[in-house]
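I have placed the structure first, in the form of structure tokens, so that the comments after it can refer back to it.
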Amino acid sequence: MNKETTPTKMLTEKAILVGVDIYNEKSWLSFEDSLDELALLASTAGLVIVGELTQSLSRPYGDTYIGSGKVDELKALVQETDSNVVVFDNELSPRHQRELEKLLGEDVHIIDRTALILDIFAQHASTREGILQVELAQYEYRLPRLTRAWTHLARQAGGGGGRTGSVGGVGLRGPGETQLEVDRREIHKKIAILKIEIEKIRAHRSRYRAQRKRSRIPTVALVGYTNAGKSTLLNLLSDAGVMVADKLFATLDPTTRRVKLPEGHICLFTDTVGFIQKLPTQLVAAFRATLEEIAEAELLLHIVDISHPSALAQWQSVNDTLAELDAQHIPTITVLNKIDKLSNPEITKFIPGSVSISALQNIGIENLLAAIEKELFFSFIPVLVRLPYQEGKLISLMYEQGKVESSDHQKSGVVVNGSVPVRLLPLYEPYFIQPGEIEELSGEEETDENER
Numbered sequence: 080m081n082k083e084t085t086p087t088k089m090l091t092e093k094a095i096l097v098g099v100d101i102y103n104e105k106s107w108l109s110f111e112d113s114l115d116e117l118a119l120l121a122s123t124a125g126l127v128i129v130g131e132l133t134q135s136l137s138r139p140y141g142d143t144y145i146g147s148g149k150v151d152e153l154k155a156l157v158q159e160t161d162s163n164v165v166v167f168d169n170e171l172s173p174r175h176q177r178e179l180e181k182l183l184g185e186d187v188h189i190i191d192r193t194a195l196i197l198d199i200f201a202q203h204a205s206t207r208e209g210i211l212q213v214e215l216a217q218y219e220y221r222l223p224r225l226t227r228a229w230t231h232l233a234r235q236a237g238g239g240g241g242r243t244g245s246v247g248g249v250g251l252r253g254p255g256e257t258q259l260e261v262d263r264r265e266i267h268k269k270i271a272i273l274k275i276e277i278e279k280i281r282a283h284r285s286r287y288r289a290q291r292k293r294s295r296i297p298t299v300a301l302v303g304y305t306n307a308g309k310s311t312l313l314n315l316l317s318d319a320g321v322m323v324a325d326k327l328f329a330t331l332d333p334t335t336r337r338v339k340l341p342e343g344h345i346c347l348f349t350d351t352v353g354f355i356q357k358l359p360t361q362l363v364a365a366f367r368a369t370l371e372e373i374a375e376a377e378l379l380l381h382i383v384d385i386s387h388p389s390a391l392a393q394w395q396s397v398n399d400t401l402a403e404l405d406a407q408h409i410p411t412i413t414v415l416n417k418i419d420k421l422s423n424p425e426i427t428k429f430i431p432g433s434v435s436i437s438a439l440q441n442i443g444i445e446n447l448l449a450a451i452e453k454e455l456f457f458s459f460i461p462v463l464v465r466l467p468y469q470e471g472k473l474i475s476l477m478y479e480q481g482k483v484e485s486s487d488h489q490k491s492g493v494v495v496n497g498s499v500p501v502r503l504l505p506l507y508e509p510y511f512i513q514p515g516e517i518e519e520l521s522g523e524e525e526t527d528e529n530e531r
């Protein structure tokens, strides 16, 4: 679109998609599937796709990412289709963007997958937390990409949870380098303020999680690739009223609801933001407070759209993201959703130990809830611990929700031999002891008694 267009004067944005297949570049999705996903992202952002260009390279070109011949081909396609946006599936450096915009003309805006996802997140953020996180991610993305054309950015980012400017957030043309330095200082200042505000929210969420833990109600986090059906499942289980739509990132802000399990136990279900391949690092960093809901959960439900052609690749992509968040150690139930759309039910066997459901058609939900309850309340791990007397809550918790085989009140604490639900194991790990240590402790106390 025209770079002087403001958010209140949107023009029709015609887009050309560009995909570059880099040899040996790690990706769980195939090159074709990644481009299909980019097309869905572009449509979600409100772009009208009018063309596509691809190239295979051993490595990107330093100036323009694609070769000079492809640049000429792209320029001709832009002119032929009267396009005003070019979207790369690959991450572009600031230099790549600047050089391509010089060659394609000032009326053509060059963006990459990261900028596109940031724009979608900006459209869907509704809570104060979500708006702040998106605004921070946008500013951090824009900072190294400032040029003479990127001015008055304070008017472009954040605000109201709606569209925060044109795709990529280009502002109005300014007077030159002096304005550029002013913009840099302004963005640095805004980033610092946003980080302080987000940290306050993070602290509040941390206190809220601590209260939940004291209530001893376990938390189940719904994770998965975007559009896998997490919100549909949460609505079915709890009447949460979360918006559901057949598009990427339909919901952004986390929602937590109480759910009653078949045997009467209560747990909290939290719907989290959907993952996607090549999730921008700015978003992972900015959404740290939200993603901590995953890291702090006692159980993860990994929702997979098993009807999707790239279901297994999406499943693995989410597993990689969970590993980046240090959440791979949390007990996980893989939930294969949308089985009502399967033409070949045998595909569900590719992920052993999973539970098959259709959240939309209410199929398999009883089996899922039974599996959740078993994992949270009926799966026990043997433990031998020495609990200091000041940890009275842990001692009581062991008797209330665990199984105590024997206990021995010693000078340094209570030695308990028993088992605890898997979800409580992290609470007791710091106090693990070996069987031989019981005899040593008892021997020491007998010696002390004889000396007295």
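If you want my numbering, it's the 1-based position in the sequence shown plus 79.
C-beta atoms are modelled at their ideal positions from N, C-alpha and C, and glycine is treated no differently.
Using only the alpha-carbon positions, how far apart do Leu108 and Asp100 sit? Translated into positions along the sequence shown, residue 108 becomes position 29. Translated into positions along the sequence shown, residue 100 becomes position 21. Straight-line Cα distance between these residues: approximately 12 Å.
Helix, strand or coil at Ala204 [DSSP, three-state]: Position 125 of the sequence shown, counted from the first residue, corresponds to residue 204. Of the three classes helix, strand and coil, the one that applies to Ala204 here is coil, per DSSP.
As an exercise, report each continuous alpha helix (DSSP H) stretch of at least 4 residues that is fully enclosed by the stretch 147-180, in chain order. Fully enclosed alpha helix (DSSP H) runs of 4 or longer: 147-160.
Is any heavy atom of the ligand GDP found at a distance shorter than 7 Å from the C-beta of Ala438? For the ligand GDP, the structure offers nothing, since it holds no ligand at all.
Test: His283 CB closer than 8 Å to a CB of chain B: Annotation note: the requested chain B is absent from the structure, which comprises a single protein chain.
Contact check, Ile444 vs Leu504 under 8 Å by CB: the rounded distance? Working through the sequence shown from its first residue, we reach residue 444 at position 365. Working through the sequence shown from its first residue, we reach residue 504 at position 425. Actually they do not touch by this definition, with Cβ atoms about 27 Å apart.
Which residues mark the beginning and the end of the alpha helix (DSSP H) in which Ile474 is found? Within the sequence shown, residue 474 is the residue found at index 395, counting from 1. From DSSP, the alpha helix (DSSP H) with Ile474 extends over Gly471 to Gln480.
Lys309 classed as buried or exposed, judged by whether at least 16 other C-beta atoms fall within 10 angstroms: Taking the first residue of the sequence shown as 1, we reach residue 309 at position 230. Around the C-beta of Lys309, 16 or more other C-beta atoms lie within 10 Å, and the residue is accordingly described as buried.
Is it a yes or a no for the stretch 398-406 touching the stretch 492-501, going by three-plus beta-carbon pairs under 8 Å? no
Pair every Cβ in the stretch 197-217 with every Cβ in the stretch 269-285, then say whether three or more of these pairs are closer than 8 Å. yes
When Thr143, Val127, Asn169 and Asp115 are compared against Lys105, the one with the closest alpha-carbon: For the purposes of this step, residue 105 is identified with residue 26 of the sequence shown, where counting begins at 1. The option with the nearest alpha carbon to Lys105 is Asn169.
What does the alpha-carbon distance come out to for the pair Val338 and Leu315? As a first step, residue 338 is located in the sequence shown; it is residue number 259 there, counting from the start. As a first step, residue 315 is located in the sequence shown; it is residue number 236 there, counting from the start. Cα to Cα, the separation comes out at about 10 Å.
Could you check whether Thr334 and Asp318 sit closer than 8 Å to each other, using their CB atoms as the reference points? Stepping through the sequence shown from its first residue, residue 318 is reached at position 239. Stepping through the sequence shown from its first residue, residue 334 is reached at position 255. Against a cut-off of 8 Å, the Cβ pair of Thr334 and Asp318 comes out as no contact.
According to DSSP, what are the bridge partners of Gln134? Your numbering for residue 134 matches position 55 in the sequence shown. DSSP, once it has assigned bridges, lists Val99 as partnering Gln134.
Does the stretch 199-206 come into contact with the stretch 267-274, if we say contact requires no fewer than three beta-carbon pairs (one atom in each stretch) closer than 8 Å? no
I need the straight-line Cα distance from Pro514 to Val483, nearest angstrom please. Walking along the sequence shown from the start, residue 514 turns up at place 435. Walking along the sequence shown from the start, residue 483 turns up at place 404. Roughly 16 Å between the two C-alpha positions.
Would you list the one or two residues that DSSP bridges to Asn496? To locate residue 496, count along the sequence shown from 1; it is residue 417. Leu463 and Ser485.
Using DSSP's beta-bridge definition, name the partner residues of Asn416. Here residue 416 refers to the residue found at position 337 of the sequence shown. DSSP lists Asp384 as partners of Asn416.
Take the Cβ of Ala155 as the centre, count every other Cβ of all protein chains shown within 10 Å, and call the residue buried at 16 or more, exposed below. Counting from 1 along the sequence shown, the entry for residue 155 is found at position 76. Exposed is the call here.
Tell me the DSSP secondary structure of Val261 in three-state form. Taking the sequence shown and counting its residues from 1, the one referred to as residue 261 is at position 182. DSSP places Val261 in helix when its eight states are reduced to three.
Which one or two residues does DSSP pair with Arg336 in a beta bridge? Taking the first residue of the sequence shown as position 1, residue 336 is located at position 257. Answer by DSSP bridge pairing, in chain order: Phe348.
Going by DSSP, what residue range makes up the alpha helix (DSSP H) through Thr305? Within the sequence shown, the letter at position 226 stands for residue 305. Careful: Thr305 lies outside any alpha helix (DSSP H) and carries neither H nor E.
Coil, strand or helix - Ala94 by DSSP: On the sequence shown, position 15 is the one that residue 94 refers to. Strand at Ala94.
Starting from the Cα of Thr413, find the closest Cα among Leu378, Gln440, Glu92 and Gly471 and give me that residue. By one-based count along the sequence shown, residue 413 stands at place 334. Taking only the C-alpha atoms, the option nearest Thr413 is Leu378.
Thr123 (DSSP reduced to helix, strand or coil): For this step, residue 123 is matched to residue 44 along the sequence shown. Note: Thr123 maps to helix in three-state DSSP.
Inter-residue spacing [alpha-carbon to alpha-carbon] between Leu536 and Leu391: This structure leaves residue 536 out entirely; the chain is present only between 80 and 531.
If Gly146 sits next to Tyr140, beta carbons under 8 Å apart, how far is it from one beta carbon to the other, in whole angstroms? Counting from 1 along the sequence shown, the entry for residue 146 is found at position 67. Counting from 1 along the sequence shown, the entry for residue 140 is found at position 61. About 6 Å; that satisfies the 8 Å criterion.
Quick check: what's the CA-CA separation for His488 versus Leu347? For the purposes of this step, residue 488 is identified with residue 409 of the sequence shown, where counting begins at 1. For the purposes of this step, residue 347 is identified with residue 268 of the sequence shown, where counting begins at 1. Distance between the alpha carbons of His488 and Leu347 is about 35 Å.
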